[in-house]
Amino acid sequence: QTTIKLEDFKVDLGQALSLSELVEQVGPDRGEPRFASKVELPDPPADQVEFVKGFENIDVEFSGGKDSLLALLWTRQVAEALGKTIEVRFVETGAEFPCLSSYVRRLCADQGLELRVMAPKESILTHYIKKGTWPDPIFRDCQHRFINEVLDAGTKTDPAKTLKIRGGRPEQKVAKTPKAAYVKTSLGFLLFAPYFDTPLEEYKALLKKVEPLRWPGYDRGFLRTACWLCPFQPHEQWDAMKAN
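Each residue of the sequence shown is one higher than the one before, starting from 17 at the first, in my numbering.
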């Protein structure tokens, strides 16, 4: 059996560079931490802590977005206070924005969070190319099929003992996004959006606190209001994609 050593392989990028050096620079789980900051959020209300305390399993459905990041950090803070562990879940739909998947891996590695990456049986892009249509702009059938169903099907724990947490706000008019702080999924799991009822200005201040840990794509103009292939995005996001 031959052992492959990364140091023995070279990549031509205009200068000699070993494969191990390249992986060190761009690998999502290699090199110096990039998202290791510790963000302290205000203590959550006692009733929220007591609510979380009643569940054995806590799963964070992390999309990589800034709202989702805030929900993730809230959950980590509450779980630490209760002595509980959490599992972070991310779905690769097949139409993620550039470097988003590697950002999710890197963030969780740097923050010491257990991550489980999931995927639908066929990518969202393959599905709609074969179907010959775009996703429905009103009901967002894509979101349920390629995210929610994947997350529910991959959760093997008892719904009565499992709390699923994700970001969500009343001003976000998207199907399947919680229209209340507490929503039940089709399989009976309770989905909780911890900052759903937070006043908007207060919520914006919290988003500002987590900026050191958010996806760098936001600084390049990306909005992440939809998958990159979606034709129903605002012009600002198309401009960001063209520029990047």
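C-beta atoms are modelled at their ideal positions from N, C-alpha and C, and glycine is treated no differently.
- Taken through DSSP and simplified to helix, strand or coil, L88 comes out as helix.
- Taking C-beta atoms under 8 Å as the contact rule, P228 and S53 qualify, at a distance of about 5 Å.
- A Cβ-Cβ distance of about 37 Å is found for the pair N73 and T149, leaving them out of contact under the 8 Å criterion.
- The distance from the Cβ of G233 to that of F113 is about 6 Å, consistent with a contact at the 8 Å cut-off.
- Following the DSSP letters along the chain, one finds K69 inside the alpha helix (DSSP H) bounded by residues 62 to 69.
- Taken in chain order, the complete alpha helix (DSSP H) segments of 4 or more residues contained in the segment 100 to 134 are 116 to 127.
- Contact check for D168 against L203 passes: the beta carbons are separated by less than 8 Å.
- Distance from the Cα of A242 is smallest, within the candidate group D213, T214, D152, F208, for D152.
- Beta-carbon to beta-carbon, D83 and G170 are separated by about 22 Å, too far to satisfy the 8 Å threshold.
- DSSP places T214 outside any beta strand (DSSP E), giving it a letter other than H or E.
- In the DSSP assignment, V166 falls within the alpha helix (DSSP H) that extends over 165 to 169.
- Shown here for C124: same chain residues with a beta carbon closer than 7 Å to its own, the five before and five after excluded, namely V104, L131 in chain order.
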